[in-house]
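Novice:
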Amino acid sequence: MRQSKFFMPTLKEAPADAVAESHKLMLRGGYIRQVTAGVYSYLPLGFRVLRKAENIMEDEMEKINVPEMMMPHFLPATLWQESGRYKKYGAEMFKLKDRHGRESLLGPTHEETFTEIIAKNLKSYKQMPIALYQIQTKFRDENRPRFGLLRGREFVMLDAYSFAATREQLDEQFDDEKRAFENVYRRCGVTVHPVIADSGTMGGKNSTEFQAPAAIGEDTIATNESGTYAANLEMAKSIDTFKQDPEDAKELTKVSTPGCDTIEKLAKFLDVPKTRIVKGILYIADDQKVLVLIRGDKQINEVKLRHLLDADEMREATASELKEITGSEKGGVGPVNADWADKIVADDTVKNLYNVVVGAGETDYQFENANLDRDFKVDEFADIRTANEGEPDPVDHEPLKFTTSIEVGHIFKLGTYYTKTMGADFLDNNGKAKPVIMGSYGIGVTRMLSAVVEQHLTNHGGIAWPKEIAPFSIHLIQMKMNNDEQTQLAEKLEKELSAKYDVLYDDRKERPGVKFNDADLVGAPVRITIGRKAADGIVEVKRPNDDKATEISVDQLNDYLT
Ligand code: ATP
Ligand code: MG
Ligand code: MG
Ligand code: MG
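For the sequence shown, our numbering assigns the number 1 to the initial residue and increments by one for each residue that follows.
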C-alpha cells in the first residue's frame, strides 16, 4: 500500500477530552473518528486492525468447529418479552417503534435471537452439542460512553452460543470456548486474567471474565501473588443490584463509616479483628450474619451490609450451583486439596463458611454466603479443617493485589434459563422432551483493540502493535522522494516484501520528521528506512520499542525479519 494513497489523517495533538492513551493514539493516528458520543467510524488504519482481529477470531472458532453466521441488529420487542429481559435490561437498550407502532430494539446482545433459532430448528439430542457465533455490531445506550472504543454505544462483539443436551457437553463446550478465547487474546497480544465475575442481567451463575490489566481500566481486579486467584471487585459492586430490586432492597443496609480512612480505624469501628480485612476487601460473617464489602485500596469509599438470604433460599441456590460445576446430584465439591484452604474466607469456627471459592481447573467459582454444614458435606472438608486448625483467625489469604483492568470478554454457563422461558426443547435418547442447556461467550472486539494499545504503548509516544494484529507488518520509509537511488531501492523492496508481508510504503513528499512521527502512530513491528546509503544497499531498521535505528545491508534484511 502506498501511503500517498492511504487515508490516514494524523493529528499533532489529541483533542483535550480524550483521556485514555489508547483513545488519544487512535485519534492522532487516524484510526478512528467519533461521529456522535460513543459511536465511531473506523478509518482505513483502524479497520485493518479490526479485520485482523476478526480473522484471528474466525480462525480460532473454526478450530473448535463453531460455524459463523449473522443475526439481524434490528429485533422485535416480543423476542425479549418472551425471555423477560425487555424490562429487566433497562435504559441501556435502544428502543424504537416502526411505522405501525410495533416496539423494536437494536440488539445489545443476542441470547434470545439464537435461542429462538434453536427452539424452531433443533429437535433431537443427535444434533447436539452444537455452537454458533457471529461477529457483529451491538448497541447499548451506555450512560457514560467514553475512552474511545473502550465504552461505546455502538461496538463490535464476537458472540458465541452453545447448545448442549447434557451438563458434560456444556462443560466441554465452555472449556473449548475458553481455550479459543485465550488463543485469541494471546495472538492479539493481550495479557488477560480469567476471573470470577458477576453475571449481570445475563442470568446464569457461572461466569468467567477475561480481564486485561491496564492503566485506564474501568474494573478493578484482585489477584494473589502466586497467580492462583483472580476476582473482579464487581462481585462486590453487584450488591448495588440488590438496591434496584425492591424485593431485595430489604436485604441491604447501607452504613456510613465516618472517619474510617484506614483499615485499623475501620476494624475498630466495625469491632472486628483487623486481620479480617484483606487489603480493602473484607468479608465478615459475624453473629448478625452480615457480609461487608469494601471497595478501593485502603481508601474506604463505602461499606454496605447485606443480610444473608434465609437458609432455604441459600440451600437451593448453592446446590444447583454445585451441580452445574460438578455435575453431581448431591453437589459435592470434588477433590479437596490443600490449595483450597487458602482460598477460603471463613468465620472463626470454620463451621460457618460464608464465602467459598472452589478451584476448578484454571477458573475459580465463588459461592457467596455458602455455609459449610448446611451446603456442603462436612467430610469433604477434612483438609480445610486441618488447614485452619488452631489458627486464631482463619482469614489466611495471600495478600491481594489490586489492578485496574479492562473486561475484554465474558463467558457464561447459562444453563436452561433462556431455553425454558422460550421453549427450546429437544428430545433425549428416550424420546423425552428436555430444555436445551446453553452457554454464551462474548469478546468485545473493538474494546479489545483499545486494550491492545493500552498494553503496548511505546516510550516514544507511539504504539507497538503485536505482529498478528498490526495494521501493517512492515513500514517502508523513503527519506527523499526526489532521489532516484532511494526510489529504486524502495520500489524493489516494496515489491519483494509485499509477497510475504503487509507493507506500507511511505512515498509521500514529506519531511522525514513528519514521516517518523506518523510511523510511530502506525506502529508496524518493523520500520525500514531508505535514506542516504541506498546506493550502497544499506538501510536502517527499527522496531517500535528500539531507541535507535540500526544500519544493515539489504542482504541481511531477510534474517532480520525472520
Ligand atoms: P461492562 O461491564 O464493561 O459494561 P458488560 O459486562 O456489560 O461490560 P457483556 O454483556 O459481558 O458486557 O458483553 C460482552 C463483552 O462485550 C464485554 O466483556 C466487553 O468486552 C464488551 N462490551 C460490553 N459493553 C461494551 C461497550 N459499551 N463498548 C465496547 N465493548 C463492550
Ligand atoms: Mg455493561
Ligand atoms: Mg461487566
Ligand atoms: Mg460482562
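Ideal Cβ placement from N, Cα and C applies to all residues, glycine included.
Whole angstroms are fine: how far does the CA of I552 sit from the CA of A535?
Specialist: Each residue's Cα considered, the two are about 13 Å apart.
Novice: Starting from P512 and walking both ways along the alpha helix (DSSP H), at which residues does that stretch end?
Specialist: Note, P512: alpha helix (DSSP H), P512 to V522.
Novice: According to DSSP, simplified to helix, strand and coil, what is Y560?
Specialist: Of the three classes helix, strand and coil, the one that applies to Y560 here is helix, per DSSP.
Novice: Leaving out five residues on either side along the sequence, give the residues of the same chain with a beta carbon under 7 Å from the beta carbon of A53.
Specialist: Excluding sequence neighbours, A53 sits near C188, V445, M448, L449 and I469.
Novice: A20 and P145 - do their beta-carbons sit closer together than 8 Å?
Specialist: Taking 8 Å as the Cβ cut-off, P145 and A20 do not qualify as a contacting pair.
Novice: Identify whether M57 lies in helix, strand or coil by the three-state DSSP scheme.
Specialist: DSSP places M57 in helix when its eight states are reduced to three.
Novice: So for P145, helix, strand or coil by DSSP?
Specialist: Here P145 sits in coil by DSSP.
Novice: Tell me whether L11 is buried or exposed, calling it buried when 16 or more other Cβ atoms sit within 10 Å of its Cβ.
Specialist: Looking at its Cβ environment, which holds fewer than 16 other Cβ atoms inside 10 Å, L11 is exposed.
Novice: Report the partner residues of F174 according to the DSSP bridge assignment.
Specialist: Looking at the DSSP assignment, F174 forms no beta bridge with any residue, so it has no partner.
Novice: Are I463 and G523 closer than 8 Å when you measure CB to CB?
Specialist: Taking 8 Å as the Cβ cut-off, I463 and G523 qualify as a contacting pair.
Novice: So T458 is in the alpha helix (DSSP H); what residue range does that whole segment cover?
Specialist: Unbroken run through T458: none, as it is neither H nor E.
Novice: Comparing C-alpha positions only, which one of L150, E111 and K5 sits nearest to L132?
Specialist: For L132, the nearest C-alpha among the options comes from E111.
Novice: Drop a sphere of 10 angstroms on the beta-carbon of E407, count the other beta-carbons inside from all chains shown, and report buried for 16 or more, exposed for fewer.
Specialist: With 16 or more Cβ atoms within 10 Å of its Cβ, E407 is classed as buried.
Novice: Taking all protein chains shown into account, decide if M93 is buried (16 or more other Cβ within 10 angstroms of its Cβ) or exposed.
Specialist: That one is buried.
Novice: I want to check one thing, is the minimum distance from the CB of H410 to the heavy atoms of ligand 4 below 7 Å?
Specialist: Flag set: Cβ of H410 near ligand 4.
Novice: Please go through the same chain and pick out, in chain order, the residues whose beta-carbon is closer than 8 Å to the beta-carbon of Y560, but skip the five residues on each side of it.
Specialist: Cβ within range, chain order: V526, V541 and I552.
Novice: Taking only runs that begin and end inside the stretch 35–80, name each unbroken beta strand (DSSP E) of 3 or more residues, in chain order.
Specialist: Correct list: 39–42 and 74–76.
Novice: Taking the CB atoms as reference points, tell me whether D506 and Q478 lie closer together than 8 Å.
Specialist: Against a cut-off of 8 Å, the Cβ pair of Q478 and D506 comes out as a contact.
Novice: What is the residue span of the alpha helix (DSSP H) that I118 lies within?
Specialist: Start and end: E111 to N121.
Novice: Tell whether a beta-carbon distance below 8 Å holds between F174 and L122.
Specialist: Not in contact: F174 and L122 (Cβ atoms no closer than 8 Å).
Novice: My output table needs one value for D286: the three-state DSSP class, helix, strand or coil.
Specialist: Note that D286 has pLDDT 29, beneath the 50 cutoff, so the model's placement of it is unreliable and no number is given.
Novice: How about L504 and I528: are their beta carbons less than 8 Å apart?
Specialist: Their beta carbons are not under 8 Å apart, which means L504 does not touch I528 by this criterion.
Novice: Whole-angstrom Cβ separation of A165 and P194, contact assumed at under 8 Å?
Specialist: The pair is not a contact, with the Cβ atoms about 26 Å apart (cut-off 8 Å).
Novice: Using a Cβ-Cβ cutoff of less than 6 Å, which residues in the same chain neighbour I574 once the five nearest sequence positions on both sides are dropped?
Specialist: In this structure the chain extends from 1 to 562, so residue 574 is not present and cannot be described.
Novice: Between E567 and ligand 4, is there a pair consisting of the residue's CB and a ligand heavy atom that are separated by less than 7 Å?
Specialist: Because the chain spans 1 through 562 in this model, residue 567 falls outside it and cannot be assessed.
Novice: Going by C-alpha to C-alpha distance, which of I64, D425, I56 and Y441 sits closest to K434?
Specialist: Considering only alpha carbons, the answer is D425.
Novice: Does DSSP put I406 in a helix, a strand or coil?
Specialist: I406 falls in the strand class under three-state DSSP.
Novice: Hey, is E209 close to ligand 4, as in C-beta under 7 Å from one of its heavy atoms?
Specialist: Yes - ligand 4 has a heavy atom lying nearer than 7 Å to the Cβ of E209.
Novice: Can you tell me whether E62 is buried or exposed? The criterion is at least 16 other CB atoms within 10 Å of its CB, across all chains shown.
Specialist: Per the 10 Å Cβ criterion, exposed.
Novice: State buried or exposed for I67, treating a residue as buried only when at least 16 other CB atoms are found within 10 Å of its CB.
Specialist: Residue 67 is actually Pro in this sequence, not Ile. Exposed, because fewer than 16 other Cβ atoms sit within 10 Å of the Cβ of P67.
Novice: To which residues of the same chain is Q81 closer than 8 Å at the C-beta, ignoring the five residues directly before and after it?
Specialist: Cβ within range, chain order: n/a, list empty.
Novice: Rounded to whole angstroms, what is the Cα-Cα separation between A91 and D141?
Specialist: Those two C-alpha atoms are separated by around 7 Å.
Novice: Expressed to the nearest angstrom, what Euclidean distance is found between the alpha-carbon atoms of K138 and T404?
Specialist: Answer to the nearest angstrom: the Cα atoms are 25 Å apart.
Novice: Report buried or exposed for P544, applying the criterion of at least 16 other Cβ atoms within 10 angstroms of its Cβ.
Specialist: Answer is buried; the Cβ neighbour count reaches 16.
Novice: Can you pull the DSSP bridge partners for D425?
Specialist: P435.
Novice: Thinking just about the alpha-carbon of each residue, which of A549, L557 and D520 is nearest to the one in G537?
Specialist: With distances taken between Cα atoms, G537 lies closest to L557.
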